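J.: Per full-length UniProt numbering, the very first residue in the sequence shown carries number 1; after that it's consecutive.
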Amino acid sequence: VGSEEWHRVRRDNHKEVERRRRETINEGINELAKIVPNCEKNKGSILQRAVQYITQLKEAEATNIEKWTLEKLLTEQAIAELHASNEKLK
């Protein structure tokens with residue numbers, strides 16, 4: 001079921017694949033740490049803080065969209081009133 005050499009090569013290949021996988025994960029976590037404010041060096045803390053930060057950003061985005069939608073409606077209403085007033089003056 002395979003020679004000792006075959007098992008060694010297979011084990012070495014697996015180690016290399018796992019090493020590259022860990023490096024990729026670590027690089028991603030380090031990139032998150034650069035983007036997210038107030039991050040610690042601990043990987044778990046970085047991930048928790050990233051989740052909190054993304055949640056805050058999504059909430060802020062929803063609030064801004066709601067605010068801008070209201071402002072747009074009020075502006076359109078003011079334009080319509082000014083247009084009607086302008087038509088009366090003609």
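No residue lacks a Cβ here, since even glycine has one placed at the ideal position from N, Cα and C. These numbers come from a predicted model, not from an experiment.
For the stretch 77-84 against the stretch 54-69, do three or more pairs of beta-carbon atoms, one drawn from each stretch, fall closer than 8 angstroms, so that the two count as touching?
T.: As far as the Cβ criterion goes, the stretch 77-84 does not touch the stretch 54-69, which means the pair count is below three.
J.: For the alpha helix (DSSP H) that VAL17 lies in, which residues bound it at each end?
T.: Stepping through the sequence shown from its first residue, residue 17 is reached at position 17. Its alpha helix (DSSP H) spans residues 4-35.
J.: To the nearest angstrom, how far is it from the Cα of LYS15 to the Cα of THR24?
T.: Here residue 15 is taken as the residue at index 15 of the sequence shown, counted from 1. Here residue 24 is taken as the residue at index 24 of the sequence shown, counted from 1. Straight-line Cα distance between these residues: approximately 14 angstroms.
J.: Hey, quick one: how far does the alpha helix (DSSP H) through ASN86 stretch, first residue to last?
T.: Translated into positions along the sequence shown, residue 86 becomes position 86. Counting along the chain, the alpha helix (DSSP H) containing ASN86 begins and ends at 43-89.
J.: May I have the straight-line CA-CA distance separating GLU59 from GLU5, to the nearest angstrom?
T.: Position 59 of the sequence shown, counted from the start, is the residue given in the question as residue 59. Position 5 of the sequence shown, counted from the start, is the residue given in the question as residue 5. Their backbone Cα atoms lie some 56 angstroms apart in a straight line.
J.: Going by beta-carbon coordinates alone, are ALA33 and ILE46 separated by less than 9 angstroms?
T.: Counting from 1 along the sequence shown, the entry for residue 33 is found at position 33. Counting from 1 along the sequence shown, the entry for residue 46 is found at position 46. The answer is yes: Cβ separation under 9 angstroms.
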